[in-house]
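J.: For the sequence shown, this note's numbering gives the first residue as 56, with consecutive numbering after it. The beta-carbon is built from N, C-alpha and C at its ideal position, and this holds for glycine as well. Sharing a structure with you now.
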Amino acid sequence: MHDIKAIRENPASFDVAMARRNILPLAAELMALDEERRQAVAQLQVLQAGRNALAKRIGEAKRARQDTAWLEAEGATLRGQMEALEAEVPRLDLLLRESLAAVPNVLEAAVPEGRDETANQEIKTHGAIRNFSFAPKQHFEIGEALGLMDFAAAAKIAGSRFTVLRGGLARLERALGQFMLDLHVNEHGYTETMVPLLVNDAAAFGTGQLPKFREDLFQTTDGRWLIPTAEVSLTNLAAGEILPLAQLPLRVTALTPCFRSEAGSAGRDVRGMLRQHQFTKVELVSIVHPEASEAEHERMTACAEAVLERLELPYRKMLLCAGDTGFSAAKTYDLEVWLPGQEMYREISSCSNTRAFQARRMNARYREADGKTLGFVHTLNGSGVAVGRALIAVLENYQNEDGSVTIPTVLRPYMGGLERLGA
């Protein structure tokens, strides 16, 4: 959400920022709408003052036993004008709010130019890609051969883009989620949180899912939304709050199911578990003072990287370009894990700094140490990491020629000491 006052003060800068996202100049249109709204408000205030003065004159005339018919006629005219403006001002308020809400966040200067993912910048790579002595299989080939991954059963129950996991593979997914939570809580200082999986319009609007991404969400019959990520629930814990400076930074994490309609993804990743309507993910959210958000972004990304490093999975860190950075984000790092079955890197975590963009939408503020000054907090979110994709990465990177899968050392305590799935 943007501050119209800031746009009025520097419209050229705003249009330049939007041009980086391939958006035509908007400042003049927004300012014209704001000016129309402000004029309507000012006119309404003039009419209200006139009505009050007229009411006083009518009272005085009545006490003096004078004819008030012409004054009352003037009052009726004023009431009609006021009623029209009292309807017009909220309409213009809503129109301006909706117009501002549809505009993406301003990108940080460090975000590289580019129209799509081909312009993303590789920041670093970590871990050695395994040299297989056999042709590595994809995760769904491994899982189905083990008899522990069943897409047909899921399709019978729910349709496409769902999976049934059984036995050791179900336990391995649970182990991954528990390992990630323990790491982030015990070593990274996040507070484990259980949050609603259903949210209202205000919560979905606050993090930027509404109105732009309505088609990507599942909605219930009573108007609530299934969360596409726990970011929605976790970040909205600060909605409408004024947080004391002493409470910042606020770091929270949750392991939840996530639900996405995958609108517009027909034909993409139709095999396997890469793109599902339902999946589990460990989410990281930080609520911080504005001066701390840049450092917090690096810290959060490092927390997500630690998951992959403990699992000994090769990955790379990418800085997303302007054309690939999400609607609410000012800057985003993606972590991409190596999948030998596909012979390519695939996204497993996305860590974004939204600065004050979400905070403005949900009115999340902090109070400075002086006890008076208020400001909008900065919010950050990241996957720490996507559990289903971590399962895919483990299956493909730890597969053996005989069809078995070695359990990563760090997960064995969560697997009852089991060292291998399958033969």
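Report yes if the C-beta distance between A285 and K336 is below 8 Å; otherwise report no.
T.: yes
J.: For S383 and Q264, what's the separation of their Cα atoms in angstroms?
T.: 9 Å
J.: Since H344 contacts F217 with CB under 8 Å, what's their CB separation in whole angstroms?
T.: Actually they are not in contact, since the Cβ atoms of H344 and F217 sit about 42 Å apart, beyond 8 Å.
J.: Who pairs with L394 in a beta bridge, going by DSSP?
T.: M399.
J.: Among residues of its own chain, excluding the 5 on either side of A208, which ones have a beta-carbon nearer than 8 Å to its beta-carbon?
T.: In its chain, beyond the 5 residues on either side, V219 have a beta carbon closer than 8 Å to the beta carbon of A208.
J.: Using the DSSP secondary-structure output, state which residues sit across from D171 in a beta bridge.
T.: None; D171 has no bridge partner.
J.: Can you tell me which of R92, G295, N175 and T173 puts its alpha carbon nearest to the alpha carbon of A419?
T.: Ranked by how close their Cα comes to the Cα of A419, the residues R92, G295, N175 and T173 have G295 in first place.
J.: Just to confirm the assignment, what range does the beta strand (DSSP E) spanning R371 have?
T.: Y370 to L374
J.: For R432, which three-state DSSP category applies?
T.: First, the residue type needs correcting, since residue 432 is Val and not Arg in the sequence shown. When secondary structure is reduced to three states using DSSP, V432 falls in the coil class, being assigned neither helix nor strand.
J.: Please return the same chain residues whose Cβ sits closer than 8 Å to the Cβ of G169, not counting the five positions on each side in sequence.
T.: N175, C376, A377, G378 and D379
J.: Using the rule of at least 16 other Cβ atoms within 10 Å of the residue's Cβ for burial, across every protein chain shown, is V101 buried or exposed?
T.: exposed
J.: Excluding the five sequence neighbours on either side, which residues of its own chain have a C-beta within less than 7 Å of the C-beta of V161, listed in chain order?
T.: These residues qualify, in order along the chain: A72 and A385.
J.: Following the continuous beta strand (DSSP E) through V465, name the residue where it begins and the one where it ends.
T.: Counting along the chain, V465 sits inside no beta strand (DSSP E), nor does DSSP assign it H or E at all.
J.: By Cβ distance below 6 Å, which residues in the same chain neighbour E474 in space, the five residues on each side in sequence not counted?
T.: I462
J.: Return helix, strand or coil for H194, following the three-state DSSP convention.
T.: In the displayed model, H194 falls within a helix according to three-state DSSP.
J.: Nearest to G439 by CA position, among L272, R92 and T356, is which residue?
T.: T356
J.: Comparing C-alpha positions only, which one of T434, G437, R354 and R120 sits nearest to E242?
T.: The residue with the shortest Cα to Cα distance from E242 is R354.
J.: So what does DSSP say about S404, is it helix, strand or coil?
T.: In the structure shown, the three-state DSSP call for S404 is strand.
J.: With the cut-off set at 8 Å, would you say L149 and L88 are in Cβ contact?
T.: no
J.: For I297 versus L435, is the C-beta spacing smaller than 8 Å?
T.: no
J.: Should K372 be labelled buried (16 or more other beta-carbon atoms within 10 Å of its own) or exposed?
T.: buried
J.: Mind checking R408: buried by the 16 CB within 10 Å criterion, or exposed?
T.: A small correction: the amino acid at residue 408 is Asn; Arg does not occupy that position in the sequence shown. The residue in question, N408, is buried, as its Cβ has 16 or more Cβ neighbours within 10 Å.
J.: Secondary structure at F268, three-state DSSP: helix, strand or coil?
T.: coil
J.: Using alpha carbons as the reference points, say which of D171, D122, A124 and P66 lies closest to G381.
T.: D171
J.: Quick one: is I282 buried, meaning 16 or more other Cβ sit within 10 Å of its Cβ, or exposed?
T.: I282 is buried by the Cβ-count criterion.
J.: Under 8 Å: do the region 74-91 and the region 120-131 share three or more Cβ pairs, one atom per stretch?
T.: Contact between the region 74-91 and the region 120-131 is absent, with fewer than three C-beta pairs closer than 8 Å.
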